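What follows is a single structure, written as structure tokens, with notes after it.
There are 2 protein chains.
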Amino acid sequence: MDTTDVLTVSEVAARSGFAPSALRFYEREGLVEASRTTGGQRRYQRSVLRRLAFIRAASNVGLTLEEIRRELGSLPANRTPTKSDWHRISAHWRTRLDEQVAALEALRDKLDSCIGCGCLSLKQCGISNPADTAATTDDAPGAAYLPPLLRRPAH
Amino acid sequence: MDTTDVLTVSEVAARSGFAPSALRFYEREGLVEASRTTGGQRRYQRSVLRRLAFIRAASNVGLTLEEIRRELGSLPANRTPTKSDWHRISAHWRTRLDEQVAALEALRDKLDSCIGCGCLSLKQCGISNPADTAATTDDAPGAAYLPPLLRRPAH
DNA sequence: CTTGAAGTTAAAGTGAAGTTGAAGTCAAGC
DNA sequence: GCTTGACTTCAACTTCACTTTAACTTCAAG
Chain A
1 MDTTDVLTVS EVAARSGFAP SALRFYEREG LVEASRTTGG QRRYQRSVLR
51 RLAFIRAASN VGLTLEEIRR ELGSLPANRT PTKSDWHRIS AHWRTRLDEQ
101 VAALEALRDK LDSCIGCGCL SLKQCGISNP ADTAATTDDA PGAAYLPPLL
151 RRPAH
Chain B
1 MDTTDVLTVS EVAARSGFAP SALRFYEREG LVEASRTTGG QRRYQRSVLR
51 RLAFIRAASN VGLTLEEIRR ELGSLPANRT PTKSDWHRIS AHWRTRLDEQ
101 VAALEALRDK LDSCIGCGCL SLKQCGISNP ADTAATTDDA PGAAYLPPLL
151 RRPAH
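Residue numbers (this note's numbering), protein chains in the order written: chain A, 1 to 155; chain B, 1 to 155.
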């Protein structure tokens, strides 16, 4: 199958778990690269698989594609990231996850404190108070809200 | 100001923290109701504030508007929800939050186990393995991912 | 009765992360 | 030389939760 050292779209799709359409999308967005055959077909270096793994991991941690793009840019151009690269980045991600967990736990605690009361008062209830929303950041005005996260597949 | 027992859009907006546009949107979506003046302007019952608090709380917990709509439908038509209503619903929400926290913690643990190795192997790394994504539900194919949650306001 | 703030509508826009469809190209096999 | 199947492009569509816009109308105070 891969006696060659380059991969087609469908090979990369199969191995990475991303749909071909997603791979094309990522290329448009500058997240991955591909060379072309004379016929214009994409050929991927095997290293793209590592890059895609990185993308999926970062995405799992909750980074936007834009953030991922920036973070990929901070990686060494065409070599395998070193331990220190990975250390720096994973520390960043861990902080992100810690914040998310903390926010959810705070929300859950508020919910617990509401369970007995049935209040849902606009003024008093921690979980419905718009000024006290866990997801509201200091500088973001308006109604921030917590996310889809693990939402049921909707049908 | 409110010697009357009905509220205008902007009063409800001010008190609930939702923008008038959001209130109109919720009405279109069947989440809230309003009567009309002869001139066609909306007038809200005071009870809408409690309903909106409920909507915001549910939204904070991560429910979609569609789910919220269904859950509102399970509430008694025009009376204040009882403690047992609220108990049932908040238990549901708590489960949701517990799942979210668990998913994030699992992801964080995987990240921790990766920090030393720098692997990001498609086959081995728990955090990048598409078949093992915390957010991937059994029946949802394709690339599920963990959420925006607390993402920076992007500028 | 006038004036200006606040209200109305439908439709379009936003942004994230892609997917889908139509129409076309390419290489191989028969 | 034609069919088959995998590939290509590009634009348009999707979902969610709203917001914005444009073009009016209504309400309440003075």
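Each residue gets a CB set at the ideal place from its N, CA and C atoms; glycine is no exception. Values in this document were obtained by computation on a predicted structure and should not be read as measured data.
{"query": "So V101 (chain A) packs on E105 (chain B), CB below 8 Å; how close in whole Å?", "result": "6 Å"}
{"query": "In the DSSP assignment, find the alpha helix (DSSP H) that holds R15 (chain B) and state where it starts and stops.", "result": "9–16"}
{"query": "Beta carbons nearer than 7 Å to chain B: which residues of the region 28–42 of chain A have them?", "result": "none"}
{"query": "Let me see if you follow: with CB-CB separation under 9 Å, is V9 (chain A) close to chain B or not?", "result": "no"}
{"query": "For E105 (chain A), would you say it is in contact with chain B, using Cβ-to-Cβ distances shorter than 9 Å as the test?", "result": "yes"}
{"query": "Using a Cβ-Cβ cutoff of less than 8 Å, which residues in the same chain neighbour A19 (chain B) once the five nearest sequence positions on both sides are dropped?", "result": "A13"}
{"query": "Per DSSP, V101 (chain B) forms a beta bridge with which residues?", "result": "Note: V101 (chain B) sits in no beta bridge, so no partner."}
{"query": "Is L111 (chain A) close to chain B, meaning its C-beta is less than 9 Å from at least one C-beta of that chain?", "result": "yes"}
{"query": "Looking at chain A, is there any beta carbon in it that lies within less than 9 Å of the beta carbon of D5 (chain B)?", "result": "no"}
{"query": "How is V48 (chain B) classed by DSSP in three states: helix, strand or coil?", "result": "helix"}
{"query": "Run through DSSP, which three-state label would S35 (chain B) get?", "result": "strand"}
{"query": "What residue from B:R28, B:E29, B:L49, B:G39 has the CA that sits closest to S10 (chain B)'s CA?", "result": "B:L49"}
{"query": "I'd like to confirm the pairing. Which residues does DSSP put opposite V6 (chain B) in its beta bridges?", "result": "B:Q45"}
{"query": "What whole-angstrom Cβ distance do I29 (chain A) and L65 (chain A) have, given they're in contact under 8 Å?", "result": "A small correction: the amino acid at residue 29 (chain A) is Glu; Ile does not occupy that position in the sequence shown. About 6 Å separates the two Cβ atoms, so the contact holds."}
{"query": "For R70 (chain A), count neighbouring C-beta atoms within 10 Å of its own C-beta (all shown protein chains included) and say buried if the count is 16 or more, exposed if not.", "result": "exposed"}
{"query": "Which of the three DSSP states, helix, strand or coil, is assigned to E29 (chain A)?", "result": "coil"}
{"query": "What residues in its chain sit with their C-beta under 7 Å from that of L97 (chain A), if we drop five residues either side in the sequence?", "result": "V61"}
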